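What follows is a set of notes on a single structure, which appears directly below.
See below:
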């Protein structure tokens, strides 16, 4: 009888959770649709200037025109490719450098102030220099994406490595283990949630860095469309590009969330 009661209580809890999720999703979509309707009405009723603020219908028409001539695939694909490449390099460089600093404490004491300064530096100030040094090409845009995220990634991962449970590390040393054993048995397994958390932040930062690079030295990509559209007063093009960037950002975040669930499930 106790098992049946627990099971029924658990089922009630699950039903309440499902109802709560449905309410949240319903309210989210309701707010979003109301915003689109009010925006469209405000333009059609001449409450706001459609030339400056555009409208959902005009943004959709711009998207459909670019879909027909296939140019939207070129610009969106370029931005996504540059973001993925810069994100992968940030993970490799950030993790590698953080492990190196953890392994060599004297090196970390030397380099940490420089990393703090570089992380605090406005990355938009570096983008023009990167264009001059590397040229107006995809390479400079990828480096721009890396520069936005890599220094913060190194600092966060290094701090996380240093905050791992010291008792577990002492246990490894007590059992005649080496620093490599601590790394393999304690540091890396214990910081998987931290690594995924850093990845969630970095994927968005890499997208920001790529768009900054495209603002300055690109001939294709969503950042280029935003700059081009603002220069020729095609604000429908600007808003369409911003909407696509929002969709890409949500999709990338959802992708990292999916990876997080998979990793935590197999721990």
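In the working numbering, the protein residues as written are 94 to 360.
Each residue gets a CB set at the ideal place from its N, CA and C atoms; glycine is no exception.
Note that the coordinates shown come from a computational prediction; the quantities given were computed from them, not determined experimentally.
Same chain, Cβ closer than 7 Å to residue i, five either side skipped, listed in chain order
i: residue 351; result: none
i: residue 212; result: 244, 245 and 248
Backbone CA spacing between residue i and residue j [nearest angstrom]
i: residue 309; j: residue 115; result: 43 Å
i: residue 282; j: residue 322; result: 47 Å
i: residue 223; j: residue 329; result: 30 Å
i: residue 258; j: residue 215; result: 34 Å
i: residue 186; j: residue 230; result: 22 Å
i: residue 100; j: residue 354; result: 25 Å
i: residue 192; j: residue 117; result: 41 Å
i: residue 139; j: residue 113; result: 39 Å
i: residue 156; j: residue 333; result: 7 Å
i: residue 289; j: residue 122; result: 28 Å
i: residue 295; j: residue 356; result: 18 Å
i: residue 278; j: residue 261; result: 9 Å
Cβ-based neighbour list, residue i, same chain, cut-off 8 Å, excluding 5 preceding and 5 following
i: residue 208; result: 244, 247 and 248
i: residue 241; result: 216, 298, 299, 301, 302 and 305
Proximity below 9 Å, CB of residue i to CB of residue j
i: residue 250; j: residue 198; result: no
i: residue 302; j: residue 346; result: no
i: residue 129; j: residue 149; result: yes
Cβ-based neighbour list, residue i, same chain, cut-off 6 Å, excluding 5 preceding and 5 following
i: residue 201; result: 194
Residue-level contact to chain C via CB, residue i, 9 Å cutoff
i: residue 123; result: Absent here is chain C; the protein component of the structure consists of one chain.
Contact between the stretch 266-274 and the stretch 329-348: three or more CB pairs below 8 Å? no
Specify whether the stretch 232-244 and the stretch 178-190 touch according to this definition: at least 3 beta carbon pairs, one from each stretch, less than 8 Å apart. yes
Does the stretch 312-322 come into contact with the stretch 132-145, if we say contact requires no fewer than three beta-carbon pairs (one atom in each stretch) closer than 8 Å? no
Starting from the N-terminal side, write out each stretch of the beta strand (DSSP E) that is 3 residues or longer and does not extend beyond the stretch 182-231. none
Just to confirm the assignment: which complete alpha helix (DSSP H) runs, minimum length 4, are found wholly within the stretch 269-322? 272-275 and 285-310
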